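Visitor:
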Amino acid sequence: MSAFVAAGGVFVHTNLRGGGEFGRDWWHDGRQQAKQNGYDDLYAIAEDLVAPRVTSPNLLALTGGSGGGLMCGVAATQRPNLWRVVVPRVPIFDLIGACRDGYGRWIVDTEFARTDDPDEVRRLATFSPCHLLRDGVDYPAVFIEAGDTDPRCPPWHAGKFGARLQAATGGDAPVFIRIWSDSGHGWATDKEIVLTQQTESLAFMLKTLGMVPPERPPVAAK
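Per the numbering used here: the sequence shown = residues 1016 to 1237.
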């Protein structure tokens, strides 16, 4: 994100309840029945940036990968007016449909809800982005990217959510879906491919926000 800062942006790295950054209690305070806490943490941070005019909803971007990609989908659908642009990377978006796959079912049961309990499944739908989309809502600009060989967050999540979002949005903000060939969940992806992926998503973010990318320094002739 150094290029974003060089272009005049302010970068904020968030630590939300539900992660492993601050121990077991921090994790438990943002998982299962407490899962919404992590998303509420995000909204509180965003509002805390807007209040003193560090930014505004019209200039606020959000990005994250994997569970952070889910976070982006939840934020775009629960609080669509809080963001100008959202960039989910290698996301999972349909938390109920994910249970058709063994790994997806294990993830949902571990982190989000007990799928053998109907009340828990109904709670799961309150933060499953595919189930939160509503027709005619002015959603932010969204750039979704996924890998076609990703076994953890399969690309059908990106395609399904992106297509529904394109059909549902009542505004004119663009919704793009980028499925990368021969690309997985990120960590084993070739560095050159990662660089290209990050360049594309950053370019989308900068253009949407009306920011001018920094000029490349001149290269001395040899």
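Just so you know, even glycine gets a beta-carbon here, dropped at the ideal spot from N, CA and C.
Please read these numbers as outputs of a predicted model, since none were measured by experiment.
(1) Where does Gln1212 land, buried or exposed, given buried means 16+ other C-beta within 10 angstroms?
(2) Buried or exposed, going by whether 16 or more other CB atoms sit within 10 Å of the CB of Pro1155?
(3) Which word fits Met1238, buried or exposed, when buried means at least 16 other C-beta atoms lie within 10 angstroms of its C-beta?
(4) With contact counted as at least three CB pairs below 8 Å, one residue from each stretch, are the region 1123-1139 and the region 1195-1211 in contact?
(5) Under a Cβ-count criterion, where at least 16 other Cβ atoms within 10 Å of its own Cβ denotes burial, should Tyr1054 be classed as buried or exposed?
(6) Could you say which of Glu1160, Pro1144 and Val1123 lies nearest to Glu1215 if we only look at CA atoms?
(7) Indicate whether Gly1186 and Asp1163 have their beta-carbon atoms separated by less than 8 Å.
(8) Quick check on DSSP: helix, strand or coil for Gly1080?
(9) Note the first and the last residue of the continuous alpha helix (DSSP H) segment covering Glu1160.
Guide: By the coordinates alone:
(1) Buried, by the Cβ-count rule.
(2) By the neighbour-count rule (16 or more Cβ atoms within 10 Å), Pro1155 is buried.
(3) With the chain covering only 1016 through 1237, there is no way to say anything about residue 1238.
(4) Result no; under three Cβ-Cβ pairs closer than 8 Å.
(5) It counts as buried.
(6) For the residues Glu1160, Pro1144 and Val1123, the minimum Cα distance to Glu1215 belongs to Glu1160.
(7) No, the Cβ-Cβ distance between Gly1186 and Asp1163 is not below 8 Å.
(8) Here Gly1080 sits in strand by DSSP.
(9) Run containing Glu1160: none in the alpha helix (DSSP H); it sits in the beta strand (DSSP E), Ala1156 to Gly1162.
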